[in-house]
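Protein chains: 2
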Amino acid sequence: MAGEVRQLDDRKLAVLRAIVQDYVGTEEPVGSKALVDRHNLGVSPATVRNDMAALEEEGYIHQPHTSAGRIPTDKGYRLFVDKLAEVKPMSAPERRAIRHFLDGAVDLDDVVARTVRLLAQLTRQVAVVQYPSLSRSTVRHIELVALAPAKVMLVLITNTGRVEQRLVDCPGTVGETLLADLRARVNARAAGQRLPDVPGLLDDLPALFEAADRPTVTVVLATLFETLAEQSEERIMLAGTANLTRFGHDFPLTIQPVLEALEEQVVLLRLLGETADAGMTVRIGRENAYEGLNSTSVVSVGYGSGDESVAKLGVIGPTRMDYPGTMGAVRAVARYVGQILAES
Amino acid sequence: MAGEVRQLDDRKLAVLRAIVQDYVGTEEPVGSKALVDRHNLGVSPATVRNDMAALEEEGYIHQPHTSAGRIPTDKGYRLFVDKLAEVKPMSAPERRAIRHFLDGAVDLDDVVARTVRLLAQLTRQVAVVQYPSLSRSTVRHIELVALAPAKVMLVLITNTGRVEQRLVDCPGTVGETLLADLRARVNARAAGQRLPDVPGLLDDLPALFEAADRPTVTVVLATLFETLAEQSEERIMLAGTANLTRFGHDFPLTIQPVLEALEEQVVLLRLLGETADAGMTVRIGRENAYEGLNSTSVVSVGYGSGDESVAKLGVIGPTRMDYPGTMGAVRAVARYVGQILAES
DNA sequence: TTCTGGCACTCGGATGGTCGGAGTGCCAAG
DNA sequence: CTTGGCACTCCGACCATCCGAGTGCCAGAA
Numbered sequence: 001m002a003g004e005v006r007q008l009d010d011r012k013l014a015v016l017r018a019i020v021q022d023y024v025g026t027e028e029p030v031g032s033k034a035l036v037d038r039h040n041l042g043v044s045p046a047t048v049r050n051d052m053a054a055l056e057e058e059g060y061i062h063q064p065h066t067s068a069g070r071i072p073t074d075k076g077y078r079l080f081v082d083k084l085a086e087v088k089p090m091s092a093p094e095r096r097a098i099r100h101f102l103d104g105a106v107d108l109d110d111v112v113a114r115t116v117r118l119l120a121q122l123t124r125q126v127a128v129v130q131y132p133s134l135s136r137s138t139v140r141h142i143e144l145v146a147l148a149p150a151k152v153m154l155v156l157i158t159n160t161g162r163v164e165q166r167l168v169d170c171p172g173t174v175g176e177t178l179l180a181d182l183r184a185r186v187n188a189r190a191a192g193q194r195l196p197d198v199p200g201l202l203d204d205l206p207a208l209f210e211a212a213d214r215p216t217v218t219v220v221l222a223t224l225f226e227t228l229a230e231q232s233e234e235r236i237m238l239a240g241t242a243n244l245t246r247f248g249h250d251f252p253l254t255i256q257p258v259l260e261a262l263e264e265q266v267v268l269l270r271l272l273g274e275t276a277d278a279g280m281t282v283r284i285g286r287e288n289a290y291e292g293l294n295s296t297s298v299v300s301v302g303y304g305s306g307d308e309s310v311a312k313l314g315v316i317g318p319t320r321m322d323y324p325g326t327m328g329a330v331r332a333v334a335r336y337v338g339q340i341l342a343e344s
Numbered sequence: 345m346a347g348e349v350r351q352l353d354d355r356k357l358a359v360l361r362a363i364v365q366d367y368v369g370t371e372e373p374v375g376s377k378a379l380v381d382r383h384n385l386g387v388s389p390a391t392v393r394n395d396m397a398a399l400e401e402e403g404y405i406h407q408p409h410t411s412a413g414r415i416p417t418d419k420g421y422r423l424f425v426d427k428l429a430e431v432k433p434m435s436a437p438e439r440r441a442i443r444h445f446l447d448g449a450v451d452l453d454d455v456v457a458r459t460v461r462l463l464a465q466l467t468r469q470v471a472v473v474q475y476p477s478l479s480r481s482t483v484r485h486i487e488l489v490a491l492a493p494a495k496v497m498l499v500l501i502t503n504t505g506r507v508e509q510r511l512v513d514c515p516g517t518v519g520e521t522l523l524a525d526l527r528a529r530v531n532a533r534a535a536g537q538r539l540p541d542v543p544g545l546l547d548d549l550p551a552l553f554e555a556a557d558r559p560t561v562t563v564v565l566a567t568l569f570e571t572l573a574e575q576s577e578e579r580i581m582l583a584g585t586a587n588l589t590r591f592g593h594d595f596p597l598t599i600q601p602v603l604e605a606l607e608e609q610v611v612l613l614r615l616l617g618e619t620a621d622a623g624m625t626v627r628i629g630r631e632n633a634y635e636g637l638n639s640t641s642v643v644s645v646g647y648g649s650g651d652e653s654v655a656k657l658g659v660i661g662p663t664r665m666d667y668p669g670t671m672g673a674v675r676a677v678a679r680y681v682g683q684i685l686a687e688s
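Residue numbers (the working numbering), protein chains in the order written: chain R, 1 to 344; chain B, 345 to 688.
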């Protein structure tokens, strides 16, 4: 039967690879003749045509209309990425340039800003960088400041250089002694700990204070825990939207939902959230859950100081993108950002 | 001579107004017949044609090609905005909606975020909101935290709810007593003061400390002054880029430089910086210094808590925009944001 | 003077027909 | 299984035509 799962032989795979490469380069459907001319496949166009027919049968490529060349489908790109392409490493000068550019950063905001711009430039696509997430980092310091008799400001500083502050309304006047005591105890236990672990280390704290002070302690701790747990505060930085103009011919239709998606931090966060914890994730076309991005691909990867990923970054481009090059750039940038963060 | 400055009579102005209104509505060059049909000008098309010829002579309108309708020039829009149009006030329900939407904000970030989205929605254009600038606000509290023996963290909290922090490397170990003393004195003098005034109020402070502590005090103060003076930290929030897709037919060409401009915070800041301190500023087409925005108009205005402007906001759209409506929306939003800020 | 109706003219854009070429599928022979 | 040949398809470019909106100008009315 034709329905049986047919193993694609090496030459068919080579043809698919060639189609992807050519199409990415020229943006035009690629025909059998052109293929044979540009890649030395060692066979005739007719043979290639047969292979193409088979590839189309299996759903890897597709014809816009009869008597036109072929275009890879999402499935075709998927196979290409999984089996046919190697991540293209950055050249030594490129790596030096990345390193040098990122080295100039002065603080966390700057690191993220530089990273996202760099990534957009290297890939000529839209770049997205998530701020190092609170949940994976550790506490450097927690500060409590009395602003008014019953108002305390809570400042949380993480090892990634991020600072979060919250105002706390206390049930009654808060003495400086109490505050100092609380501050000392909280820091003694929490400093250096990973954020998600902190609540567990502090939950018996109210019991150590006098009954009169307990409501205040409880409220402050509650706010602290809230801050620690806060996922919604995750921030994202974007760059390279102007690269969208290179998308294609059916322009406004494609670009509008993408622009809309890019404005929704939630969408972007979810997008990056789908990145596997280890290794690079490539989502091609329809594989993206968000409908507006159905004709784009997302290449994303985690990065972090040390060996553990604290946040994600990636790029968004047309499904017809240079996957090996993009993946190389994304990987390289992620690696160097990680190094920078580890150093600071 | 034809070169003499000719006063435009009322009817010509009415014709110009009608042309602008129609063109903004239809996006198509408008001809004499259509004009007479849609606005009851009380004269015949032929008369209108004569007026149009005059208006073109003076440079207020322009013909894409012979035998096409007329399109307003930048100069035409300018006259329209200056003399022919009234700012269109928001309706009561609209005002209520604005108020309600902004009232839900929980902190400064949220206020700005909501404002920018609201503005983008109301005007269906790209909205830009500058964070309340440090330089116009007042000090609510300054906090000093010892992080390490010779490292102090400086936190500046303003009345607009903004928080800035800086790490200070001190020349030697910093005792908690010194820090407490310094903290108390700094706050006593600076709290409630406008940021630019603070350095003047503190410059004799080192003299009040013992010689041994002076280097530390000096360094901390220097960092504080730097933070206060910092203009480059001005931040901007953006929304509505997807509205760019409604720009026009010659699409990618127009939109690309605009997207590029929007990514350059510096450009946007300068753009808003050109806003007059009082009243609304409208920059039309070539009036914009930045070349990429030569086919857009920028409507901007200051906003602030109380009667004084602490920052700017505005929208960017095609020169062919609904000026009265846009100006009304911008003004209304600015007013309500000001109120919100004043309350919090 | 200023406005109006009439008129000849221009020109962009839509419509439709033709044509070439790139590309295909199939087939029979190597 | 591969190859060259061949008939076929169909997109897109090119061109000619045509329609109509819009114009400028002019002579006559108000």
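Glycine included, every Cβ here is placed at the ideal spot set by N, Cα and C.
In this text the structure is predicted, and so the values were computed from the model without any measurement.
Asked	Found
With R:L35 as the anchor, note down where its alpha helix (DSSP H) starts and where it stops.	S32 to R38
Taking beta-carbon pairs under 7 Å, can you tell me which members of the segment 19-32 of chain R lie near chain B?	none
Under the assumption that B:S639 contacts B:P668 (Cβ atoms under 8 Å), give the Cβ distance between them as a whole number of angstroms.	About 20 Å separates the two Cβ atoms, so there is no contact after all.
For B:M434, does the three-state DSSP call read helix, strand or coil?	coil
Would you check if the distance between the CB atom of B:R579 and the CB atom of B:Y475 is smaller than 7 Å?	yes
R:A146 CB to nearest chain B CB: under 7 Å?	no
Would you check if there are 3 or more beta carbon pairs closer than 8 Å linking the segment 257-269 of chain R to the segment 281-300 of chain R?	yes
Identify each residue in the segment 159-174 of chain R for which the Cβ-Cβ distance to at least one residue of chain B is less than 8 Å, and report them in chain order.	V163 and Q165
Which term fits R:R162, buried or exposed, when burial requires 16 or more other beta carbons within 10 angstroms of its beta carbon?	buried
Name the chain R residues whose beta carbon is nearer than 8 Å to that of B:H485?	V145, L147 and M153
What does the Cβ neighbour count give for B:G519, buried or exposed, with the cut at 16 atoms within 10 Å?	exposed
Can you find a C-beta in chain B that's less than 7 Å from the C-beta of R:L259?	yes
Give me the chain B residues within the contact set of R:Q256, using Cβ-Cβ distance strictly less than 7 Å, ordered along the chain.	A586 and T589
Helix or strand or just coil, what does DSSP make of B:Q407?	coil
Three-state secondary structure (DSSP) at R:G273?	helix
Extract the residue ranges of the alpha helix (DSSP H) inside the segment 532-602 of chain B, only unbroken runs of 4 or more that lie entirely within it.	542-546 and 558-573
Is there contact between the segment 353-372 of chain B and the segment 321-338 of chain R, where contact requires at least three CB pairs shorter than 8 Å?	no
Express the C-alpha separation of B:L463 and B:S644 in angstroms, rounding to a whole number.	11 Å
Given 8 Å as the limit, is there contact between the segment 206-223 of chain R and the segment 94-102 of chain R, that is, 3 or more CB pairs closer than that?	no
With respect to the alpha helix (DSSP H) encompassing R:R140, which residues constitute its N-terminal and C-terminal limits?	Note, R:R140: premise wrong, no alpha helix (DSSP H); beta strand (DSSP E) at V139 to A148.
According to a CB-to-CB cut-off of less than 7 Å, which residues of the segment 433-464 of chain B neighbour chain R?	none
Just to confirm the assignment, what range does the alpha helix (DSSP H) spanning R:G329 have?	Sequence check: residue 329 of chain R is Ala here, not Gly. First-last of the alpha helix (DSSP H) with R:A329: Y323 to E343.
Suppose the cutoff is 8 Å on Cβ atoms and the five residues either side in sequence are ignored; what does the same chain contact list for R:V48 look like?	V15, S32, L35, V36 and L41
Less than 7 Å between the beta carbons of B:M396 and B:R422, yes or no?	no
Who are the Cβ neighbours of B:T417 in its own chain at under 7 Å, not counting the five residues just before and after it?	G403, Y404, I405 and H406
Can you grab the Cα-Cα spacing for the pair B:A399 / R:V106, in whole Å?	The identity of residue 399 of chain B in the sequence shown is Leu, whereas the question assumes Ala. Distance between the alpha carbons of B:L399 and R:V106: 56 Å.
Output yes or no for whether 7 Å exceeds the beta carbon distance between B:G584 and B:A471.	yes
Within the continuous beta strand (DSSP E) that includes B:G420, where are the two ends?	Where B:G420 is concerned, there is no enclosing beta strand (DSSP E), although the alpha helix (DSSP H) it sits in stretches over D418 to L423.
Using CA coordinates, which residue listed in R:G304, R:D322 and R:A311 is at the minimum distance from R:I284?	R:D322
Output the distance between the C-alpha atoms of B:I660 and B:R590, rounded to the nearest integer angstrom.	13 Å
Cβ atoms of R:V282 and R:Y303: under 7 Å apart, would you say?	no
Quick test of your reading: B:L549 and B:R527, contact by CB under 8 Å. State the CB separation rounded to the nearest angstrom.	With 8 Å as the limit, B:L549 and B:R527 do not qualify as a contact, their Cβ atoms being about 12 Å apart.
Between which two residues does the alpha helix (DSSP H) containing R:P45 stretch?	P45 to E57
R:G279 to R:D22, Cα distance in whole Å?	27 Å
What does the Cβ neighbour count give for R:T173, buried or exposed, with the cut at 16 atoms within 10 Å?	exposed
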